[in-house]
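Only one structure is covered here, and it is reproduced in the block below.
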Amino acid sequence: MEVNPPKQEHLLALKVMRLTKPTLFTNIPVTCEEKDLPGDLFNQLMRDDPSTVRGAEILMLGEMLTLPQNFGNIFLGETFSSYISVHNDSNQIVKDILVKADLQTSSQRLNLSASNAAVAELKPDCCIDDVIHHEVKEIGTHILVCAVSYTTQGGEKMYFRKFFKFQSDLSSVTDEVFLEAQIQNITTSPMFMEKVSLEPSIMYNVTELNSVNQAGECVSTFGSRAYLQPMDTRQYLYCLKPKKEFAEKAGIIKGVTVIGKLDIVWKTNLGERGRLQTSQLQRMAPGYGDVRLSLEAIPDTVNLEEPFHITCKITNCSSERTMDLVLEMCNTSSIHWCGISGRQLGKLHPSSSLCLALTLLSSVQGLQSVSGLRITDTFLKRTYEYDDIAQVCVVSSAVKVES
65 MEVNPPKQEH LLALKVMRLT KPTLFTNIPV TCEEKDLPGD LFNQLMRDDP STVRGAEILM
125 LGEMLTLPQN FGNIFLGETF SSYISVHNDS NQIVKDILVK ADLQTSSQRL NLSASNAAVA
185 ELKPDCCIDD VIHHEVKEIG THILVCAVSY TTQGGEKMYF RKFFKFQSDL SSVTDEVFLE
245 AQIQNITTSP MFMEKVSLEP SIMYNVTELN SVNQAGECVS TFGSRAYLQP MDTRQYLYCL
305 KPKKEFAEKA GIIKGVTVIG KLDIVWKTNL GERGRLQTSQ LQRMAPGYGD VRLSLEAIPD
365 TVNLEEPFHI TCKITNCSSE RTMDLVLEMC NTSSIHWCGI SGRQLGKLHP SSSLCLALTL
425 LSSVQGLQSV SGLRITDTFL KRTYEYDDIA QVCVVSSAVK VES
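Quick note: to get this note's numbering, add 64 to the position in the sequence shown (first position is 1).
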């Protein structure tokens with residue numbers, strides 16, 4: 065009779081925790097008018113609440129800090145920080161400990177370990193700590209792979225690893241592209257920046273964001289003198305929007321797209337002219353999935369408890385499949401949808417779009433997020449959820465909203 069040997073337990077324990085900053089406390093204000101039965105009672109309770117902001121008690125944003133209670137969302141462009149700790153739970157000394165942290169994305173595998181050198185030994189009740197950082201530049205699933213290898217006192221080599229998955233989302237789905245260019249003078253003398261421009265590709269129109277309007281005059285954010293001192297760095301910002309003929313297909317474009325090239329012209333202190341033109345800059349088109357929801361029109365500011373209107377566009381991003389769509393609207397604690405939920409939108413052919421005019425109202429003042437749209441494809445029985453679509457500023461009806 066063959067007996068399998070018992071599986072040996074590991075001497076080390078691995079803990080991985082996300083590092084996030086505290087957030088401001090949010091409360092749900094309960095208020096009423098003086099002519100109502102409670103009178104000024106609710107308002108006085110909010111003024112006495114130590115978590116509210118003096119003079120702005122009805123805003124949901126408080127002045128106290130709270131620690132995050134869950135993993136939270138990670139958006140494109142944010143920096144993901146994580147704390148990794150390996151603890152010796154045994155009563156013996158462990159040798160040659162190597163901790164490796166890799167991040168697997170849809171396109172690459174990155175090594176995030178601060179050091180690839182092994183620790184000579186780890187005594188009982190001691191630990192090895194490390195903090196890793198990564199700027200999220202891709203959307204989709206990210207897998208943090210933490211591997212630990214070590215040697216026991218008996219000379220046996222041990223190895224284990226753990227996987228931690230998180231999703232990176234677009235903080236706001238938009239067709240706009242913001243390009244930041246950092247230009248540094250690495251020479252030993254100052255130079256005059258004669259021209260820094262972005263020549264967009266055939267798909268985009270560009271807006272330069274390096275100037276401000278003062279008294280009807282366009283003034284550069286860098287001042288009247290465009291000199292760049294040695295080793296100084298200057299940042300230029302541009303906004304690219306797809307042209308109308310390409311914007312209609314924005315939800316269908318996949319893969320790498322060309323956005324344009326930078327043209328830089330400068331002069332040295334003796335007037336010698338230099339020029340640099342980059343190759344075509346590229347971006348990875350965001351993946352919208354099978355169905356894309358975008359906002360065509362939404363007001364910036366609305367009145368409390370008064371209906372306001374938004375216009376949404378739904379695009380079938382599939383190139384070969386017709387969808388039969390149903391729209392559901394789910395109310396949140398502050399945003400309420402007006403209309404019939406569960407209505408049929410009909411069939412939407414591949415690469416086609418339809419526009420919807422929707423009505424909402426908000427019962428809470430402050431900056432509110434428009435959420436709660438659900439689109440179901442009855443053919444595949446698949447539901448697409450859309451939250452945090454946009455934000456509107458809700459003010460008291462006594463405040464006049466400028467159109």
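Note that beta-carbon positions come from the ideal geometry of N, C-alpha and C, so glycine has one too.
Asked	Found
Phe310 (DSSP reduced to helix, strand or coil)	helix
Where Leu76 sits in the DSSP three-state scheme	strand
Buried versus exposed, by CB contacts within 10 Å (16 or more), Ala165	buried
For Gln499, the three-state DSSP class (helix, strand or coil)	Past the boundaries of the shown model lies residue 499; the chain is included only from 65 to 467, so the question cannot be answered.
Close beta carbons around Leu208, own chain, < 6 Å, minus the five adjacent residues each side	Leu167, Phe228
Three-way DSSP call (helix, strand, coil) for Gln156 in this model	coil
Arg356, buried or exposed, once every other Cβ within 10 Å from all chains shown has been counted against 16	buried
Buried versus exposed call for His197 [16 or more other C-beta atoms within 10 Å across all chains shown]	exposed
Residues sharing a beta bridge with Cys282, DSSP	Asn277
Beta bridge counterpart(s) of Asp113 as assigned by DSSP	For Asp113, which the question treats as bridged, DSSP gives no partner whatsoever.
Top-ranked residue by Cα proximity to Thr143, from Phe443, Leu174, Glu199	Glu199
Whole-angstrom distance between Gln455 and Ser235, CA atom to CA atom	Annotation note: pLDDT 48 at Ser235 (below 50); position unreliable, no value reported.
Beta strand (DSSP E) segment containing Ile92, residue limits	Looking at the DSSP string, Ile92 is not in any beta strand (DSSP E), and its letter there is neither H nor E.
Proximity of Thr321 and Met267 at Cβ, strictly below 9 Å	yes
Of the listed residues Lys377, Arg407, Pro363, nearest to Leu424 (C-alpha basis)	Pro363
Option nearest Met128 by Cα separation, candidates Pro114, Phe310, Glu336, Thr169	Pro114
Neighbourhood of Ser460 by C-beta, 6 Å cutoff - its chain only, sequence neighbours within 5 removed	Leu368
6 Å CB neighbourhood of Thr271 in its chain, flanking five on each side removed	Cys303
Residue environment, Thr386, which counts as buried when at least 16 other CB atoms sit within 10 Å	exposed
Buried or exposed by the 16-neighbour rule on C-beta atoms within 10 Å, applied to Cys381	buried
Residue span of the beta strand (DSSP E) that contains Glu263, given as start and end	255-264
Alpha helix (DSSP H) runs contained entirely in the stretch 331-417, provided each spans 4 or more residues	none
Within 9 Å, strictly: CB atoms of Val94 and Val163	no
Beta-bridge pairing of Ala120 - partner residues as DSSP gives them	Answer is none; Ala120 lacks a bridge partner.
Segment limits, beta strand (DSSP E) that includes Glu185	183-186
Nearest candidate by alpha-carbon position, reference Tyr300, set Ser261, Gly406, Asn175	Ser261
Element boundaries [beta strand (DSSP E), containing Gln248]	241-248
Beta-carbon spacing of Leu437, Leu409 below 9 Å	no
Residue closest to Ile157, alpha-carbon to alpha-carbon, out of Leu273, Ser435, Thr130, Asp189	Asp189
Given 8 Å, three or more beta-carbon pairs between the stretch 245-265 and the stretch 323-342	yes
Top-ranked residue by Cα proximity to Asp451, from Leu359, Gly430, Lys445, His373	Leu359
Distance, Thr285 Cα to Ala279 Cα	15 Å
Own chain, CB closer than 6 Å to Gly338, minus 5 neighbours either side, in chain order	Trp330
Closest Cα partner of Gly469 within the set Thr440, Ile378, Cys419, Ser383	No statement about residue 469 is possible, as the shown extent of the chain runs from 65 to 467 and does not include it.
Thr396 beta carbon less than 9 Å from that of Ser435	yes
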